[in-house]
Structures are given as C-alpha cells and as structure tokens.
C-alpha cells in the first residue's frame, strides 16, 4: 500500500463529546485541524436506534466489550464519527456544582470554578438544543414518574440534546456531534479522516512529532502535527498513550457507574422499542439513581434471560414490558492495560463491598417503585432471581441477590487520565496537557477525576470547551 | 489462534438453541448461528483468544460426552465457562427476538 502523509497544526484524535467541540473551536480560531476518527461516518436516522444493526455499525466490537472482574462489567463504546453521542440516549445533565468543587479541591485542578463551568454548560446546551419534551412522555417514562410520585421520591425529567419538529417526542432529532460541532469544524476548514485508526504517537523527547495511522482499507500514513489532542474516550485514549510508551498515571483509575437491570410488566401495552424514558429518580442520588433503558424485544429477552426457565414465558408479552436500571456511584476502580501485540486493551473493574450492597439495595428499591407504578410482575436480571409480584416479595431480592450473579453493565466510562496538579496521581495537568510533555493533550471523559453521578457527557463537553479555549489562549503559541 | 472459529462454536451454539428454543425453525437456527459466529469474530482480540480457548474445550466435551452434557454444563454457574455460555445465549436471544419479535418462548412461530 502507498504511504500517504498529512500535516496539520493540531491533530485531534477522536470525534466524540471531547473531540468534536475541541476541533470546532480550534478550527474556528484559524488553526489547521485534522480529526482522525477510527469509525465510519453514519448519518443520523440511517439506522434504527438501539438496534443490533446500530451496534454492528456504530459500536466498538459490535457492542460486546467487557471489563474483566468478579463480576465482569459489560460496557459499550461508540466507534463512529460523533462517538457515543451518536448512539446513546442523548440525556443531558449539567455538571453539578458540588462535583466540580470536589474535583477542584481533591485533585488540585486550577481554574475550575463551578460558575465558569456553568457558563460553558449553557453554551453547550444552546449549541445542542438541549430541552425537555414538547409533549407528554412515553408510557414507560410516565410509569417511572408515577412510581416515584407515589413514594414521594425526588424525580425529574432529564433534558436531551434533541430538536422536536412536532409535539411528538418520537419525532425528535438527536443533535449529536455529526449535526453540531463536527459540521462547525468542517465549515471552518477542519479535515475529518474517518475509518482512520491512530496506531501510535511518535515522540521525540518531550514532544509528539506525528501519529502513525492505518485506514480501514489497509493504507498506512503519517500525520505530522505541532500538537496532538487525544479525545478517543476513557478506554481508547489511555490505550493509545500506553501504546506510545506513556504510562505514568495513565489508565489506572477507570471509574464507571455500574448498573443492574430489571424488566417490569404492566397490564397494558407500553413498550417503545426505539426510544428510552426521560424521567430519572434521584431520591438516593448521587449514590443511587434510577432510569429507563432501551426496551426493544431483543433487549426484553436479554433482561429475562438470566432466569429464562421462570421468566421466559413472559417474552411474548414484550409490548407490556419495559426495562429499567439502577445505577450507582461506585467506589471501585478499574484499569486499562495495553498489551504489546494485542490490538485492543485489556480492561478490568473491581466492585467494592459497598458497591455490591448498593446494587442490591438499588434493585430492590427500583422493584418497589415499579410495583407502586402498577407493575404486575417485576423480573430482576440475575441468576436465581425471584419474580416480584408484591412488596412481600422484595425481601427475596435482599436474600438472593449477588452482584456476581447479575448482568452488571455501564455506559459511563471516565477518569483514566485524571487532570490535576498532583503529579503523583494525575496523568494530565489542570487543562489536559500530559505531564512531562509540551504539546500532547487529552480532552475527553478520561480527564474527569471520577464518575460525576449523573450522565457525564455534559461535563465532558463543558470541560472540553474550557480546555480548548485555554489551549488557544495559553498553549498554542508555546507548542 | 486468531478467533473462535464458527466451526468450533457453531455446534455448541446449535446444541444450546435446540435445548433452549426447541421449536425454533431450522432455517432460523442457521441464521442465528451465523450471526453469533460473526459477532464473535468482532470481539476484542484478548476476548477472542479467551473465547476460542474455552470454545475448543467445550467442543471437546461435546464431542466426547455429547450435547446433553454440554447443556448441563451450560446451566451451571461456572466461572469463565459460564460466561462463554452466557455470551452465546445473550447474542442468540437478542437476535431472535429483535429479528422475529413474536417468537414463542420455545422458539416456535406464533
């Protein structure tokens, strides 16, 4: 294959919630920007949301990726232009002020003020048309709200990055990166190279000189740059840095929101296969929160699978069933380990005793909520789970649940290159520059020092804007 | 050992489907097995190695002791091997009900 070479001012690696805003701001400031994206460009609307086809086309490894441990934690990563913003539910949460405060003090992050982040969050919200539903919520979402209401539990509707041409929530159009920051980037002259994997960064002393890349068709190339900003997500960013020989405080502190699920059957048809509920229950936040999951019939079957002999008969009633989750703020941590010769990193995660107890409590309380909401049957997703028909059955969850028997999963991955001035713990400085390097940066979920207890992409985008502006003001002339 | 070969995984997947979803029509079962094989080829490399190793062991058990023994094994909560069976079942069931949503719990057509 013929080698192709590129040159640019700044190479942005990854085009998701971190990379796309970064590329847009840098290109609009007049820099020559190349965005290298490993996955393909897939137009919004060209695949059914949450379908197996979407997993095949837009997720890494078809959505089958696992953090090893006891239990293993299944996770997913977007692998397409726009990254996770293209495939997730689009639910948005502003970064909580107390979380920003905690990050600043505990991790010694300079210039991280809640008020400043709030301003950036509002900028993101305007760009992505973040808003609540224009009409009534879907029936599964309404059930969640109703159950919380009856129990007197705190709950609210999470806004989404959507536009709604009509009052019908299902007609909403996701304002993901391919509709917002990526077009802004290209309009300002940025070049987006899709299906282009960065194999490693070529380093000389304290500088990155170029990146060695391979396209899906086998072509290899080198991209020379004056600075590189790695925005490949909390798994791939540390993996790339490790492949390039940078390992200090990289990939050792993976944080996630582990979740367990259950399916709830109601006495009426309510399943909405291609959408997710927007209500979330925050009574026990930040330790524990409840929400709704995608519930197409394949996912209902999956939710029933761990106890198929008892629960399987209900799969024919999938139109009356919706899937819900309990998510925790975990004390556990994981690792991302790049092994020479292996294309993909090994990922591990360890749940603490407190995490396991929270998952049990979460599943039990979620079941209670759904009974209050009118569920006739609740099917927790773990081996040996009882069918829950009344509050009397809830004690059985306490007796039989073990995290090791459950299908634990997550979609929120953070903290593998934590930012801050404490060089003993942090992989990057307060604005994402890798410690010990002059022109190498990270700007994605990897920088968040821990999992924020809410959907993290709002935090990721606000921090990305902050760091990109700092790069333009303070770093660019020095690199 | 590049990947869990469909030749190795296929018979185990077929045995599980015949047991769990006995009325799933033959042509659908074939499609599901092909799908599972494709998906396993997409696994991250270290998972592919692990799955391939377990698949070879399980297929050896199946050849020497029969499908029933493999099915019994698949229902026990064993570390690693249990995860292999769970992976096959998860992919299979998700595909069956997404593709043919009105499939009966025994795999039969409504």
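Residue numbers (the numbering used here), protein chains in the order written: chain A, 1 to 479; chain B, 1001 to 1110.
Think of the CB as a built atom: it goes at the ideal place given N, C-alpha and C, for glycine as much as any other residue.
Using a Cβ distance threshold of 8 Å, determine whether the segment 197–210 of chain A contacts the segment 435–445 of chain A, with at least three qualifying pairs required.
yes
Can you tell me which of the three DSSP states residue 1067/B falls into?
Along the second chain, one-based indexing puts residue 1067/B at 67. Note: residue 1067/B maps to helix in three-state DSSP.
Report all residues from its chain with a CB closer than 7 Å to the CB of residue 151/A; omit the five preceding and five following residues, and keep chain order.
Along the first chain, read from residue 1 onward, the residue named residue 151/A stands at position 151. Closer than 7 Å at the Cβ level, and outside the excluded window around residue 151/A, lie 369 and 372.
So residue 48/A and residue 275/A are in contact, right, with Cβ under 8 Å, and what is the actual spacing, rounded?
Position 48 of the first chain, counted from the start, is the residue given in the question as residue 48/A. Position 275 of the first chain, counted from the start, is the residue given in the question as residue 275/A. Their Cβ separation, rounded to whole angstroms, is 11 Å, which puts residue 48/A and residue 275/A out of contact at 8 Å.
Would you decide whether residue 450/A is buried or exposed? Buried here means 16 or more other CB atoms lie within 10 Å of its CB.
Stepping through the first chain from its first residue, residue 450/A is reached at position 450. Buried, because 16 or more other Cβ atoms sit within 10 Å of the Cβ of residue 450/A.
Segments assigned alpha helix (DSSP H), at least 4 residues, entirely inside the segment 36–63 of chain A
Within the segment 36–63 of chain A, the runs of alpha helix (DSSP H) that reach at least 4 residues and sit entirely inside it are, in chain order, 52–58.
Excluding sequence positions up to five away, which residues of its chain have a Cβ less than 6 Å from the Cβ of residue 416/A?
The residue labelled residue 416/A in the question sits at position 416 within the first chain. Closer than 6 Å at Cβ, skipping near neighbours: 234, 238, 251, 254, 336 and 446.
Report buried or exposed for residue 1065/B, applying the criterion of at least 16 other Cβ atoms within 10 angstroms of its Cβ.
Taking the second chain and counting its residues from 1, one reaches residue 1065/B at position 65. With fewer than 16 Cβ atoms within 10 Å of its Cβ, residue 1065/B is classed as exposed.
Chain B contact for residue 163/A (CB, 8 Å cutoff):
The count along the first chain starts at 1 and reaches residue 163/A at position 163. Output row for residue 163/A: interface = no.
Beta-carbon gap between residue 190/A and residue 29/A smaller than 8 Å
Translated into the one-based positions of the first chain, residue 190/A becomes position 190. Translated into the one-based positions of the first chain, residue 29/A becomes position 29. Cβ distance not < 8 Å, so residue 190/A and residue 29/A don't count as in contact.
Closer than 8 Å, Cβ to any Cβ of chain B: which residues of the segment 281–305 of chain A, in chain order?
296, 297, 298, 299, 300, 301, 302 and 305
Check residue 196/A in the structure and name its three-state DSSP category.
Mapped onto the first chain, residue 196/A falls at position 196. It is a strand residue.
When you compare the CB positions of residue 71/A and residue 323/A, do they come within less than 8 Å of one another, or not?
Along the first chain, read from residue 1 onward, the residue named residue 71/A stands at position 71. Along the first chain, read from residue 1 onward, the residue named residue 323/A stands at position 323. No, the pair does not count as a contact, with Cβ atoms beyond the cut-off.
Using a Cβ-Cβ distance under 8 Å, would residue 1084/B count as near chain A?
As a working note, residue 1084/B is residue 84 in the second chain. Closer than 8 Å: no.
Span of the alpha helix (DSSP H) around residue 491/A:
The question about residue 491/A has no answer, for chain A in this structure spans 1 to 479.
Strictly under 8 Å for the Cβ-Cβ distance: is residue 355/A near chain B by that measure?
Taking the first chain and counting its residues from 1, one reaches residue 355/A at position 355. Chain B contact via Cβ: absent.
If you drop the 5 nearest sequence neighbours on each side, which residues of the same chain put their C-beta closer than 7 Å to that of residue 63/A?
As a first step, residue 63/A is located in the first chain; it is residue number 63 there, counting from the start. Excluding sequence neighbours, residue 63/A sits near 55 and 76.
From 115/A, 358/A and 385/A, pick the residue whose C-alpha is nearest to that of residue 311/A; which is it?
Counting from one through the first chain, the residue named residue 311/A turns up at place 311. Answer by Cα proximity: 385/A.
Does residue 1090/B have its Cβ less than 8 Å from a Cβ in chain A?
Numbered from 1 along the second chain, position 90 holds the residue referred to as residue 1090/B. Chain A contact via Cβ: present.
Go ahead and pull the three-state DSSP assignment for residue 350/A.
Along the first chain, read from residue 1 onward, the residue named residue 350/A stands at position 350. Residue state, collapsed to three classes: strand.
Whole-Å CB distance - residue 143/A paired with residue 270/A, under 8 Å assumed
Sequence index remark: in the first chain, residue 143/A carries index 143 (1-based). Sequence index remark: in the first chain, residue 270/A carries index 270 (1-based). The Cβ separation is near 7 Å, so the contact holds.
Just the C-alpha distance for residue 455/A and residue 1067/B, rounded to the nearest angstrom, thanks.
Taking the first chain and counting its residues from 1, one reaches residue 455/A at position 455. Taking the second chain and counting its residues from 1, one reaches residue 1067/B at position 67. Using only the alpha carbons, I get a separation of about 45 Å.
Take residue 471/A as the anchor and find which of 121/A, 100/A and 228/A has the nearest alpha-carbon.
For the purposes of this step, residue 471/A is taken as the residue at position 471 of the first chain. The residue with the shortest Cα to Cα distance from residue 471/A is 228/A.
Using C-beta distances below 6 Å, list every residue in its chain close to residue 66/A, excluding the 5 sequence neighbours before and after it, in chain order.
On the first chain, residue 66/A is found 66 positions in, with the first residue counted as 1. If we look at residue 66/A and ignore the five residues flanking it on each side, its Cβ neighbours are 72 and 74.
Report the neighbours of residue 346/A on chain B: residues whose CB is nearer than 7 Å to its CB, in chain order.
Here residue 346/A corresponds to residue number 346 of the first chain, with the count starting at 1. Chain B residues near residue 346/A: 1046.
If you draw a straight line from the C-alpha of residue 171/A to the C-alpha of residue 165/A, how long is it?
The residue labelled residue 171/A in the question sits at position 171 within the first chain. The residue labelled residue 165/A in the question sits at position 165 within the first chain. Roughly 7 Å between the two C-alpha positions.
When you compare only the Cα positions, how much space is there between residue 133/A and residue 293/A?
As a working note, residue 133/A is residue 133 in the first chain. As a working note, residue 293/A is residue 293 in the first chain. Using only the alpha carbons, I get a separation of about 17 Å.
Could you tell me if residue 320/A is buried or exposed, where buried requires 16 or more neighbouring beta carbons within 10 angstroms of its beta carbon?
By one-based count along the first chain, residue 320/A stands at place 320. Flag for residue 320/A reads buried.
With a threshold of 8 Å between beta-carbons, can residue 1001/B be considered close to chain A, or not?
Looking up residue 1001/B in the second chain gives position 1. Confidence at residue 1001/B is low in this model, with a pLDDT of 46, below 50, so its placement is unreliable and no value can be given for it.
Tell me whether residue 561/A sits in a helix, a strand or coil according to DSSP, three-state version.
An answer regarding residue 561/A cannot be provided, because it is not within the stretch 1 to 479 covered by chain A.
Could you tell me the distance, in whole angstroms, from the CA atom of residue 464/A to the CA atom of residue 334/A?
Counted from its first residue, the first chain places residue 464/A at position 464. Counted from its first residue, the first chain places residue 334/A at position 334. Each residue's Cα considered, the two are about 23 Å apart.
Reducing DSSP to helix, strand and coil, say where residue 227/A ends up.
On the first chain, residue 227/A is found 227 positions in, with the first residue counted as 1. Residue 227/A: strand per DSSP, three-state reduction.
Rounded to whole angstroms, what's the CA-CA distance from residue 288/A to residue 102/A? Just pull it up for me.
The residue labelled residue 288/A in the question sits at position 288 within the first chain. The residue labelled residue 102/A in the question sits at position 102 within the first chain. Whole-angstrom Cα-Cα distance: 18 Å.
Chain-order list of residues whose beta-carbon lies under 6 Å from that of residue 21/A (same chain, five-residue window excluded)
The residue you call residue 21/A lines up with position 21 of the first chain. For residue 21/A, where only same-chain residues beyond five positions count, the Cβ hits under 6 Å are 181, 461, 464 and 465.
Starting from residue 66/A, find everything on chain B with Cβ-Cβ shorter than 8 Å and list it in chain order.
Position 66 of the first chain, counting from 1, holds the residue named residue 66/A. Going along chain B in sequence order, the residues near residue 66/A (Cβ under 8 Å) are 1047.
Residue nearest to residue 362/A in terms of C-alpha spacing, selected from 45/A, 188/A, 285/A and 96/A
As a position in the first chain, residue 362/A is number 362, starting the count at 1. Of the listed residues, the one whose Cα sits closest to residue 362/A is 285/A.
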